Amino acid sequence: MSTLHVVSYSPFTNSCLASCLRVCSAENAILLCGDGTYGLYNATLQTHGVKVFVLAEDIQARNLLLPDWAYDVDYPGFVQLSIDYDKVNIWL
108 MSTLHVVSYS
118 PFTNSCLASC
128 LRVCSAENAI
138 LLCGDGTYGL
148 YNATLQTHGV
158 KVFVLAEDIQ
168 ARNLLLPDWA
178 YDVDYPGFVQ
188 LSIDYDKVNI
198 WL
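In C-alpha cells form, the structure reads like this:
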C-alpha cells in the first residue's frame, strides 16, 4: 500500500523525518512542508529511494534551492498527491 508521508517539522529540532525514513519503502513518497523543508539538507533523504516533494511556497518563504532529485508542488498539487497515494501519514 502506497503512503504519502507529510513532514512539517525541522529535522534539526525534531526526529520526525528520521522516524519517517525508517518506515518508508520505494512505493512511498515524502512531502516536506513548513520547517520540514530543511530536510532537503538531509543526505539520507536523497539516497533513500523514495520520491520527495516539497511545498513550493515553503521553499520560497525560506529562500531554499530545490535540488534536482526533489519535486516542488503547489497546494493543488498537494491535494492531488493525497488522492494519488492510498494513505496519508502526517508525522507529528
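This note's numbering applies: residue 108 is where the sequence shown begins, and numbers increase by one. Beta carbons: idealized from backbone N, C-alpha and C, even for Gly. The model shown is predicted, which means the values in this text are computed figures rather than measured ones.
Comparing C-alpha positions only, which one of the options sits nearest to residue i?
i    : options                : result
T154 : D179, G141, T144, L128 : L128
Q167 : W176, T151, A150, D142 : D142
A125 : L147, S109, E134       : L147
D181 : D165, K194, R169       : D165
R169 : Y145, P183, N121       : Y145
N121 : E134, A133, N149       : N149
Using the Cβ count rule (16 or more neighbours within 10 Å means buried), how would you classify residue i?
i    : result
P174 : exposed
V113 : buried
S115 : buried
Indicate whether residue i and residue j have their beta-carbon atoms separated by less than 9 Å.
i    : j    : result
L61  : C131 : The question about residue 61 has no answer, for the chain in this structure spans 108 to 199.
L111 : A136 : yes
L138 : F160 : yes
W198 : C123 : yes
Measure how close the beta-carbons of residue i and residue j come, nearest whole angstrom, since I'm counting them as under 8 Å.
i    : j    : result
Y192 : S109 : 5 Å
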